[in-house]
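Scroll down for the structure; my scribbles are underneath it.
There are 2 protein chains.
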Amino acid sequence: MDLDLAQRLHRPAQSKILWLVLDGLGGLPHPDTGKSELETARTPNLDALASQSALGLTMPVGYGVTPGSGPGHLALFGYDPLQFDIGRGVLEATGIGFQLGPNDVAARGNFCTLDAAGRISDRRAARIPTQQSAAIVERLRAITIDGLDLFVEPVREHRFVLVLRAPGLSDQITETDPQAEGVAPLLSQPQHPDAARTAAAVNDFVAQASALICDEALANGLVLRGFATIPSLPQMSDVWGLNAASCAIYPMYRGLARLAGMIAIPAGDTIDDQIASLGEHWSQHDYFFCHYKYTDSAGEDGDFDAKVQRLQDFDAALPAFRALDPDVLVISGDHSTPAIMAAHSWHPVPFLLHSATTRHRLGAAFTEADCGQGLLGTFPAKESLPIAMAHAGRLAKYGA
Amino acid sequence: MDLDLAQRLHRPAQSKILWLVLDGLGGLPHPDTGKSELETARTPNLDALASQSALGLTMPVGYGVTPGSGPGHLALFGYDPLQFDIGRGVLEATGIGFQLGPNDVAARGNFCTLDAAGRISDRRAARIPTQQSAAIVERLRAITIDGLDLFVEPVREHRFVLVLRAPGLSDQITETDPQAEGVAPLLSQPQHPDAARTAAAVNDFVAQASALICDEALANGLVLRGFATIPSLPQMSDVWGLNAASCAIYPMYRGLARLAGMIAIPAGDTIDDQIASLGEHWSQHDYFFCHYKYTDSAGEDGDFDAKVQRLQDFDAALPAFRALDPDVLVISGDHSTPAIMAAHSWHPVPFLLHSATTRHRLGAAFTEADCGQGLLGTFPAKESLPIAMAHAGRLAKYGA
Chain A
3 MDLDLAQRLH RPAQSKILWL VLDGLGGLPH PDTGKSELET ARTPNLDALA
53 SQSALGLTMP VGYGVTPGSG PGHLALFGYD PLQFDIGRGV LEATGIGFQL
103 GPNDVAARGN FCTLDAAGRI SDRRAARIPT QQSAAIVERL RAITIDGLDL
153 FVEPVREHRF VLVLRAPGLS DQITETDPQA EGVAPLLSQP QHPDAARTAA
203 AVNDFVAQAS ALICDEALAN GLVLRGFATI PSLPQMSDVW GLNAASCAIY
253 PMYRGLARLA GMIAIPAGDT IDDQIASLGE HWSQHDYFFC HYKYTDSAGE
303 DGDFDAKVQR LQDFDAALPA FRALDPDVLV ISGDHSTPAI MAAHSWHPVP
353 FLLHSATTRH RLGAAFTEAD CGQGLLGTFP AKESLPIAMA HAGRLAKYGA
Chain B
3 MDLDLAQRLH RPAQSKILWL VLDGLGGLPH PDTGKSELET ARTPNLDALA
53 SQSALGLTMP VGYGVTPGSG PGHLALFGYD PLQFDIGRGV LEATGIGFQL
103 GPNDVAARGN FCTLDAAGRI SDRRAARIPT QQSAAIVERL RAITIDGLDL
153 FVEPVREHRF VLVLRAPGLS DQITETDPQA EGVAPLLSQP QHPDAARTAA
203 AVNDFVAQAS ALICDEALAN GLVLRGFATI PSLPQMSDVW GLNAASCAIY
253 PMYRGLARLA GMIAIPAGDT IDDQIASLGE HWSQHDYFFC HYKYTDSAGE
303 DGDFDAKVQR LQDFDAALPA FRALDPDVLV ISGDHSTPAI MAAHSWHPVP
353 FLLHSATTRH RLGAAFTEAD CGQGLLGTFP AKESLPIAMA HAGRLAKYGA
């Protein structure tokens, strides 16, 4: 649904939407058994729910397109991920819980090893340990540049985040990372006249940083890429009239939800913590996005059995989610992460919606195949929020 | 997929895509048996493959739209056939193997019979035999017009192709064919100031030709229509990073493939010749479009049994295609040609994709019904190339 139409049609209701996102949910058959992770897992609660729910498959971005975490979630939040793009720097900062503001330009940084001639000999500085990297980051915090605030934050191993903050900065500058070895880091160049000051600040930062770390054995250089400002996403309260909350253990997903205008409620460390927190905040919001990471982690690890187990763990928690008694319960994923590929993939993602007004088919299970045969068909993921809004009684009739 | 996005996402890989196009593949049930051509044919190889492959139905142009050969193939080559249009003159020239260049305007010509008053009495000159028509065409080759090159080529029966070649010609001119009898052929008029010269040249050609053929008994006149220049299609190498080859027995399909940037490899006269040629050129390309005409011919003839037989012939050759061991094998069609209609139709077309990373359903057969239940659903034919590219590992992730 076009966001303008959503803004025009949404109407208030007392209903509550609970949206459970199983990261990397979709899978592929194991070659030995011909069964996918979902088909292999024993998930009696999901299957019982599926036979009373609308089923379908969501396409996160488009045919054949493998989505990153950003586009995959934006689509579930109702945005067209081809229209609203999240830069690498923003995603990296979001992933460590750094709250970006409108005057920020964020970049992903790598420490690297430079040879005597200043050429990159190792783009990842031998993946130095996080602790060692964090200590170097600490030293970089001494750098100052007139007229702007600088933030340097450790991520993991050789990776860090740089944020420049001042009114009027621009992300229209070139990267200093040549993405190759045997060549020197690049100067950042403005790609637009308004970006000259930002490029100069970046080059100033790199020069000062180089002086501070040039004696390091491994991390004696750095490269920056993915300069980005936060996308100005229309907020869910305006577009959909929702008072939306996120409940995500990992900062990346809290951050993505925040970009859409969701309030983060505590998520604790476990799915039980999440369920408890949802219960505590149940009266305060009308839409809850709850994120479950582990299906993706296991898929990315290529560990079929672990992904099966994570699905079973989720299934065991499902009755507690249902006990919250949402008017609309959605179970979906941001993308597929088939264990046999050990990576995100383009395959459409199982989708389940339970409410009092769904079309369903008795005997259906929560699998790729049954979702593919579901009455919702295969549809763009960005349409799943309007479908949920409709089932929640939150969209007015179009036309007389 | 938008071609700009394709250009941004494609990445190199060692994989090979073999794309078998069965012209006019889709059918309709025979009224006596209730079974379509595919359901009637004994196709054990296709059926065995179908139960291990992703299935779906492709929609060549749009709901209810019956495609010609041009749009049907352009969609399979990844183009939106509503955006990229191939004029009738270009298709006609392509069909006889005439290699059009950027300075060419092509038209389809018909010889016709004019009465004493110069009015058309038979739009097709009683379908004079090809040989007789070719002899008249030969005489028309004596015509010259200052400043441009002329090519007149016989097609079949009363049909021929006219090509005007010079820099700056335009296809924005009106047709001389009134598409009615009892009226005289029309003068060509420019529809744009830049087209004045082309219209004048066309009228000059018609005048000279009329003088040369006015004594013919049947073919004493001619009409021209479908003036067209070649569409400037983004080339598959640029858009998809593919080194693409075509293997087509009929010049029309070689020509269409050439417009997309494919190199034609020899196709010989039979499907066995095609398989041998594919094998010989296997190392030189990463995408192979192989065209099988006879399903369409039988369908156009309204010969249900012949179409069944042609499907069985293809099925018998399938193991030899599979022996090439492509990473991605696609079996699809440019449109449906149901024998009971004896014509192209708008019905979506069976689609099969085999690779190591498909979702499939054991027991599925290669029929319209099972493809309609397939996990790919019914989708625009122009999305079939991105889907194949994804399965070939040739598309990078979108977004971080």
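Protein sequences appear in the order of chains A and B.
Under this note's numbering, residues 3 to 402 are what the first sequence spells out, in order.
Under this note's numbering, residues 3 to 402 are what the second sequence spells out, in order.
C-beta atoms are modelled at their ideal positions from N, C-alpha and C, and glycine is treated no differently.
Any C-beta of chain A under 9 Å from that of residue i
i: B:R361; result: yes
i: B:I333; result: no
i: B:I389; result: yes
i: B:E385; result: yes
i: B:D4; result: yes
i: B:L76; result: no
i: B:P328; result: no
i: B:A402; result: yes
i: B:K399; result: yes
i: B:L320; result: no
i: B:Q9; result: no
i: B:L364; result: yes
Pick from the options that is closest to residue i, judged by C-alpha positions
i: A:N112; options: A:A182, A:A77, A:L78, A:G170; result: A:A182
i: B:D49; options: B:P352, B:Q193, B:A392, B:L189; result: B:P352
i: A:Q311; options: A:M3, A:L214, A:E41; result: A:E41
i: A:L59; options: A:K399, A:H393, A:L378; result: A:L378
i: B:P104; options: B:D305, B:L261, B:L320; result: B:L261
i: B:G29; options: B:T359, B:S347, B:M391, B:L354; result: B:S347
i: B:I98; options: B:A322, B:A367, B:F153; result: B:F153
i: B:A344; options: B:D4, B:L364, B:H32; result: B:H32
i: B:T35; options: B:F306, B:M254, B:S334; result: B:F306
i: A:A56; options: A:K384, A:Y400, A:G401, A:T380; result: A:T380
i: A:Q191; options: A:Q174, A:T96, A:P321; result: A:Q174
i: A:G66; options: B:A402, B:P73, B:F323, B:T360; result: B:T360
i: A:G281; options: A:R10, A:L20, A:L11, A:H12; result: A:L20
i: B:L235; options: B:M61, B:T115, B:D82; result: B:D82
i: A:G120; options: A:E177, A:Q101, A:P187; result: A:P187
i: B:C114; options: B:T369, B:F79, B:L226, B:E370; result: B:L226
Residue burial classification, residue i (beta-carbon count within 10 angstroms, cutoff 16)
i: B:V63; result: buried
i: A:C216; result: exposed
i: B:S71; result: buried
i: A:H293; result: buried
i: B:P328; result: buried
i: A:S285; result: exposed
i: B:V289; result: In the sequence as presented, Val is not what sits at residue 289 of chain B; that position holds Tyr. Label assigned to B:Y289: buried.
i: B:V185; result: exposed
i: A:A77; result: buried
i: B:K309; result: buried
i: B:H194; result: exposed
Contacting residues, own chain, Cβ-Cβ under 6 Å from residue i (five flanking each side not counted)
i: A:S172; result: D196, A197, T200
i: B:I267; result: A247, C249, S279, H283
i: B:R2; result: Because residue 2 of chain B is not part of the residues shown, which for chain B are 3 to 402, the question remains open.
i: B:E94; result: R110, V163
i: B:M238; result: L244, A246, A262, G263
i: B:G376; result: L57, G58
Residue-chain proximity (residue i, chain B), Cβ-Cβ < 9 Å
i: A:G66; result: yes
i: A:G228; result: yes
i: A:A371; result: yes
i: A:T380; result: yes
i: A:M343; result: yes
Contacting residues, own chain, Cβ-Cβ under 7 Å from residue i (five flanking each side not counted)
i: A:R44; result: Q314
i: A:G395; result: A15, S17
i: A:S212; result: G223
i: A:A269; result: C249, A250, I251, D275, Q276, S279
i: A:D372; result: A52, L57, A366
i: B:D240; result: Q9
Same chain only: Cβ atoms within 8 Å of residue i, ignoring 5 sequence neighbours per side
i: A:L150; result: L166, R167, A168, L171, A203
i: B:P253; result: T96, G97, I98, G99
i: A:A318; result: N47
Residue i Cβ short of 8 Å to the ligand PLP heavy atom set
i: A:T360; result: Of ligands this structure carries none, so the ligand PLP is not represented either.
Do the region 156-172 of chain B and the region 128-137 of chain B make contact, defined as three or more Cβ pairs closer than 8 Å?
The region 156-172 of chain B makes contact with the region 128-137 of chain B: 3 or more CB pairs, one atom from each, lie closer than 8 Å.
Is the region 321-339 of chain B touching the region 23-42 of chain B, taking contact as three or more C-beta pairs under 8 Å?
Output reads yes: the region 23-42 of chain B touches the region 321-339 of chain B.
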